[in-house]
Amino acid sequence: MSVRLHHRITGEGRPLLLLHGLFGSLENLGSVSQRLQDGWQVHGLDLRNHGRSPHTESMDYPAMAEDVIAYLDEQGIDRACLLGHSMGGKTAMQVALTFPERVERLIVADIAPVTYHPRHDAILEGMKNLDLSSVSSRSDADRALKEYVEVPEIRMFLLKNLERVPKDEKDDNPDTFRWRLNLPVIDACYQKLADAPEGDGPFDGPVLFLKGADSAYIQRKHHDRIHSLFPEARIEEIDGTDHWLHAEKPDEFARLCREFLTSS
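Following the numbering used here from start to finish, the sequence shown increments by one per residue and tops out at 962.
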């Protein structure tokens, strides 16, 4: 069953949906929205079990694709351009493969339509083992998480999911925190999120894959699979970027998206 996704709409023009990655929210693609809202009506979505969208007991790409289609129906949008990063890219691919008539153009940021070996075990372990009852500040949480996640920027990204419990929901402890995302279900469904999107395709519309030049998520061995599912796909690299290419070089990322979305 689909869920109603929390969203933010900015700009005017043809509809463009932005789908974030694992552990993220619509804020993660805010720089993209800011740079494209002058020419498109940009819809930033929180995917299920993330951000401010509803929590569910299951999570896989067919279900998340259904959520996106339900959102399009609710907004009265017949066809839209989709841009997804990482998990959001797989969700966008699933939408295009299952509902090709609803997708005008597709941009996939640094992910391929393949199954990956688990890459987030340490992150999940750290988040699960973080004793929120003993956390009185984000600094406390950061120090505890450092045992599992060494890179400060990744910890900062993860801790954006930490929120204070509202006063009317807690006891006398003034500094109670909780995870905004649905950590137990994300953990239980992690293998499904590592899997490839389902569907044999092909999606014959225009597709742009953007790869971080220093990232290993899209490899040469994935190109045949990409082109079998998306025969019109182009693959371009952004030099000097890793998996977070849209945050590392936002102007270059937005420029390539703009050129693709306006090309004939």
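In this text, a Cβ means the ideal position worked out from N, Cα and C, and glycines have one as well. Everything numeric in this text was worked out from a predicted model, so none of it was measured.
In this structure, how does DSSP classify residue i when only helix, strand and coil are distinguished?
| i | result |
| --- | --- |
| R878 | coil |
| G722 | coil |
| E896 | coil |
| Q947 | In the sequence under discussion, the amino acid at residue 947 is Lys, which differs from the Gln named in the question. In this structure, K947 counts as coil in the three-state DSSP scheme. |
| G728 | helix |
| K858 | coil |
| F907 | strand |
| A810 | coil |
| S887 | The question names Ser, but residue 887 in the sequence shown is Cys. Three-state result, C887: coil. |
| A952 | helix |
What are the start and end residues of the beta strand (DSSP E) that includes residue i?
| i | result |
| --- | --- |
| G787 | Taken as a continuous stretch (DSSP letters only), G787 belongs to no beta strand (DSSP E), being part of the alpha helix (DSSP H) at 785 to 796. |
| L770 | Looking at the DSSP string, L770 is not in any beta strand (DSSP E); the run it does join, the alpha helix (DSSP H), is 759 to 773. |
| T708 | 705 to 708 |
| L715 | 712 to 717 |
| R932 | 931 to 936 |
Taking just the CA atoms, how far does residue j sit from residue i?
| i | j | result |
| --- | --- | --- |
| G782 | P900 | 18 Å |
| L959 | A778 | 11 Å |
| G897 | Q792 | 7 Å |
| N859 | M699 | 25 Å |
| Q889 | N880 | 16 Å |
| R932 | L734 | 20 Å |
| V849 | G774 | 42 Å |
| G938 | H920 | 21 Å |
| F907 | K844 | 33 Å |
| H944 | T789 | 18 Å |
| G722 | R953 | 23 Å |
| P929 | R918 | 16 Å |
Who are the near neighbours of residue i in its chain, counting only those whose CB is closer than 6 Å to its CB and skipping five residues on each side?
| i | result |
| --- | --- |
| Y814 | A892 |
| E973 | Nothing in the structure corresponds to residue 973, since the chain is present only between 699 and 962. |
For residue i, decide whether its Cβ has a neighbour in chain B, counting only Cβ atoms nearer than 7 Å.
| i | result |
| --- | --- |
| V812 | The question asks about chain B, but that chain is absent: this structure has only one protein chain. |
Taking the alpha helix (DSSP H) that residue i falls in, what are its first and last residues?
| i | result |
| --- | --- |
| I805 | From DSSP, I805 is part of no alpha helix (DSSP H) but of the beta strand (DSSP E) over 801 to 807. |
| H925 | 921 to 927 |
| K826 | 819 to 827 |
| L743 | Segment 738 to 743 is the beta strand (DSSP E) holding L743; no alpha helix (DSSP H) there. |
| D840 | 836 to 843 |
Residues in its own chain within less than 7 Å of residue i by CB, not counting five upstream and five downstream?
| i | result |
| --- | --- |
| L795 | P895, G897, G899, F901, L927 |
Which residues in the same chain have their Cβ closer than 8 Å to the Cβ of residue i, if we skip the five residues on either side of it in sequence?
| i | result |
| --- | --- |
| H925 | A931 |
| V905 | A794, R803, L804, I805, V806, F928, E930, A931, R932 |
**OP:** State whether the segment 800 to 816 contacts the segment 827 to 844, with contact taken as three or more CB pairs (one from each stretch) at a distance under 8 Å.
**Re:** The segment 800 to 816, when compared against the segment 827 to 844, does not touch it at the 8 Å Cβ threshold.
Subject >> At least 3 beta-carbon pairs within less than 8 Å: the segment 816 to 835 vs the segment 699 to 712 >> reply: Contact annotation: the segment 816 to 835 does not touch the segment 699 to 712, with fewer than three C-beta pairs closer than 8 Å.
Subject >> Cβ pair count under 8 Å reaching 3, the segment 705 to 723 against the segment 734 to 743 >> reply: Touching, yes, given that three or more Cβ pairs across the two stretches are closer than 8 Å.
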